[in-house]
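Participant: Attaching a single structure in structure tokens format; questions to follow.
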Amino acid sequence: MNPLDFVERLFSGIGSVFSRIGYLYQQGSDTAKKPWLRRIVVTLVLLVVVVGLVFLGLALIPMVPMRFWQVLAICLVALVVLWWFTAGQRKASLKGRTRKRIGDLGPGAAEDEREPLQKMTAAIAEAKRTIARSPEMDKGRNPLYRIPWLLFVGDADANVDGLLRAGSEVSPFPASDKPAMDADEVWRWWFHKSMIAIEMHPRVVADTNARLDRGLWYQALMKLADEREKLPLNGIVVAVAAQTLLGPADALKTTATRLRRLVDEAMEHLQVQMPVYFVVSGLERLPGYAQLRATLPAEAFAQALGHRFADNEVVSAASSGRIDDILKPIEDRLHALRMTALRAQATPTQRRAVFDFVESLRQAQQGLSLFVTLMLEDNPFQRTPRWRGLYFAGGADAAHRGGAFVADLFTRFLPSDQPLAGTSFRGNAGRMAMAGVGVLAMLGLSASIAYSLSKASGDDSTLLAQTQAACAEVADRTSGGRIEWVAGCGRTIEKLEAEASNKWLSFGIRKADSQIRDMKQRVIEDFNNLILAPRTRCWPRTSSSIAPGSSTCWRSPSACACWRKAAT
């Protein structure tokens, strides 16, 4: 019985089942479209397919030679190694964990995410083109790593947009006339000669239950990791409005908790240890700001106002207790500005306005201390952000497009910290672990090939000994003995071939295979000569006709036996 007949009948039966299912589905389309019935049909179809594959395997496995499984094993190992370096490593990396976190947020509406994701992708693609073709930017070996990338986050009150519009006035890429971000936008890119500012939409400063906004935040982190794999970011600028610091403590705690979560998630998923800056924004909305600006020269507002930690200074949760010492020089500078402005005011109302401006910043000190404490608070799950500096800034307005205390911040202080960012220990350990897994996979592939070669060498020695002992030539065989030798040698060669087929792959290094082939060819030639080719004989006419002392020969292609008749 041909084994393929069973396979043919099996597939014929499976085809009949599928045809019957399709007919029933077509007849009762309205009923079959019900979800519960559809699941039942799909389950039955999958069950039939699985059963069919099992029977097919049981029928074909005995017919498959051993070498097939050897080749299959080597191919599988090679495919696993290839998969690891092309996709497996990526899935096991931070991007894979970010995708998992997005999935953990729960199901969302794909229609709501489609437009923001498209705009996000288009924005980063345009940013890459701008980086590649902009001669105004600092040159470097890799265009994406020429200048630092800084992420700006803040809620709607922080007015990150106004802060970056003010910074664009000192950029070779002025963009202060850009429209406000749409509701379905996630980020906007601002270009400077020595840095790139990435403005995140205030929507990302959201509650943990905001599935859409949280998912878009994780998508943004994943895209940064995709485009700038070695070092996705060089720093994070956290903006908080002065009005928030002056407001209720509960609202401030909520905002600070959300901002701290964004900072932790960025460092965790990007695996980067980077400086974090706190910027108190919204100075332009404090009372007395207009009078102060009208009195003092523009150069006074071009300089940065704040505090910067030393490069080697260790920052921890205890650093929040130093906020009074940090703010003391800032208060002294504001007091000097106030005294200068008060002398130039002509009316008590104007002097009162200048006084209120500085007093508002002093009153925000308590809220600022709480904000810094929450941002640097230790917890068992996240490391403390590396607090690099505290700055005060005013956003762009109609009268002063360059804002206040912004120019120096964007041209000197933020870009100069580019060397401080680097991959975290956890990120390095993760990369080393993934590289180790890749090396182990390569070693596994090499070991499997080496083992196969070793087995092939051992099999070759065994087969060589058997081949050399087989079909030993026997001298002075008669014609009948020669036929017996050919038959016995043929059976021996069949046994050797069967044994060789059960050995490991030879990889072309086994000498016994060529010897078996040569011996087989020799036996075939002898068989043709003995059986198929006609024999040439010298038959005597009669025994009595042979003269005394003469001889006669019965000749064959391989031997000749002569007899001499003795003289009588």
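This note's numbering puts the first residue of the sequence shown at 43, with every later residue one more than the last.
We treat Cβ as the ideally placed atom computed from N, Cα and C, and that holds for glycine.
Would you report the Cα separation of THR73 and LEU79, rounded to the nearest angstrom?
Facilitator: Caution is warranted here: a pLDDT of 49 is assigned to THR73, below 50, making its placement in the model unreliable, and the coordinate value is therefore given only provisionally. Distance between the alpha carbons of THR73 and LEU79: 8 Å.
Participant: Are the CB atoms of MET237 and LEU456 nearer to each other than 7 Å?
Facilitator: Cβ atoms of MET237 and LEU456: closer than 7 Å.
Participant: Please determine, among GLN285, VAL96, ARG443, the residue with the shortest C-alpha to C-alpha distance to ASP219.
Facilitator: The candidate whose alpha carbon is nearest that of ASP219 is ARG443.
Participant: How should VAL280 be labelled, buried or exposed, when 16 other C-beta atoms within 10 angstroms of its C-beta is the threshold for buried?
Facilitator: With 16 or more Cβ atoms within 10 Å of its Cβ, VAL280 is classed as buried.
Participant: Whole angstroms is fine: what's the gap from ARG454's alpha carbon to TRP429's?
Facilitator: Going by the C-alpha atoms only, they are around 17 Å apart.
Participant: Please report the Cβ distance between MET162 and VAL195, rounded to the nearest whole angstrom; I am assuming they are in contact, meaning their Cβ atoms lie under 8 Å.
Facilitator: The pair is not a contact, with the Cβ atoms about 15 Å apart (cut-off 8 Å).
Participant: In or out: MET381 buried (at least 16 other Cβ within 10 Å) or exposed?
Facilitator: It is exposed - the Cβ of MET381 has fewer than 16 other Cβ atoms within 10 Å.
Participant: What residues match up with HIS349 in a beta bridge as DSSP calls it?
Facilitator: Per DSSP, LEU432.
Participant: Between the Cα of THR297 and those of ASP366, ILE166, VAL247, PRO390, spot the shortest distance and give me the residue it belongs to.
Facilitator: Selected option, being the one with the closest Cα: VAL247.
Participant: Pairing CB atoms from the stretch 259–273 with CB atoms from the stretch 185–193, are three or more of them under 8 Å?
Facilitator: Segments in contact, yes.
Participant: Rounded to a whole number of angstroms, what is the C-alpha to C-alpha distance between THR594 and PHE569?
Facilitator: With a pLDDT of only 43 at THR594, under the threshold of 50, the placement of this residue in the model should not be trusted; the figure read from the coordinates follows. Roughly 26 Å separates the two Cα atoms.
Participant: From this set, GLY289, GLY431, LEU89, which residue's C-alpha is nearest ILE372's C-alpha?
Facilitator: Closest option to ILE372, Cα to Cα, is GLY431.
Participant: Could you pull the DSSP bridge partners for THR465 from this structure?
Facilitator: THR465 is bridged to VAL314.
Participant: Please list, in chain order, all residues of the same chain as ARG393 whose beta carbon is under 6 Å from its beta carbon, the five residues on each side excluded.
Facilitator: Once the five neighbours on either side are set aside, the close Cβ partners of ARG393 are LEU384, GLN387.
Participant: Pick from SER323, ILE173, ALA165: whose alpha carbon is nearest that of THR286?
Facilitator: Checking every option, the nearest Cα to that of THR286 belongs to SER323.
Participant: Quick one: Cα of LYS235 to Cα of TYR319, how far?
Facilitator: One C-alpha to the other measures close to 20 Å.
Participant: My parser needs the alpha helix (DSSP H) runs of 4 or more residues fully inside the stretch 355–429; what are they?
Facilitator: Complete alpha helix (DSSP H) runs here, min 4: 365–385, 390–405, 407–418.
Participant: Less than 6 Å between C-beta atoms, sequence neighbours within five positions excluded: which residues of the same chain meet that for ARG350?
Facilitator: The residues are GLY431.
Participant: Could I get the ranges of all uninterrupted alpha helix (DSSP H) runs contained in the stretch 232–275, with 4 residues as the minimum, in chain order?
Facilitator: Runs of the alpha helix (DSSP H) inside the stretch 232–275: 253–269.
Participant: Output needed for GLY486: all residues of its chain with C-beta closer than 7 Å, excluding positions within five of it in sequence on either side, in chain order.
Facilitator: Here the set comprises VAL119.
Participant: Could you tell me whether the Cβ atoms of GLY330 and VAL414 are closer together than 7 Å?
Facilitator: Not closer than 7 Å, so no.
Participant: Classify GLU326: buried if its beta carbon has 16 or more other beta carbons within 10 angstroms, exposed otherwise.
Facilitator: Counting Cβ neighbours within 10 Å, GLU326 comes out buried, since at least 16 surround it.
Participant: Could you spell out where the beta strand (DSSP E) holding PHE215 opens and where it closes?
Facilitator: Counting along the chain, PHE215 falls outside any beta strand (DSSP E), and DSSP gives it neither H nor E.
Participant: Please name the residue in ILE240, LYS170, VAL228, ALA222 whose C-alpha comes closest to that of LEU193.
Facilitator: Ranking ILE240, LYS170, VAL228, ALA222 by Cα distance to LEU193 puts ILE240 first.
Participant: TRP581: buried (16+ other C-beta within 10 angstroms of its C-beta) or exposed?
Facilitator: Caution applies to TRP581, whose pLDDT of 44 falls short of 50 and renders its modelled position unreliable; the model cannot decide the point.
Participant: Inspect the beta-carbon positions of LEU3 and THR426 and report whether they are closer than 7 Å.
Facilitator: Outside the displayed range of the chain (43 to 610) lies residue 3, so it cannot be described from this structure.
Participant: Do LEU328 and PRO399 count as a contact pair if the criterion is CB distance below 7 Å?
Facilitator: As written in the sequence, residue 399 is Phe, which differs from the Pro given in the question. It is a contact, given that the beta carbons lie within the stated cut-off.
Participant: Mind reading off the beta-carbon distance from ASP203 to ALA222? Whole number of angstroms is fine, and I expect it under 8 Å.
Facilitator: With a Cβ gap of about 6 Å, ASP203 and ALA222 count as contacting.
Participant: Quick one: Cα of GLU567 to Cα of GLY532, how far?
Facilitator: So the alpha carbons of these two residues sit roughly 12 Å apart.
Participant: Are the Cβ atoms of TRP231 and ALA167 separated by less than 7 Å?
Facilitator: Their beta carbons are not under 7 Å apart, which means TRP231 does not touch ALA167 by this criterion.
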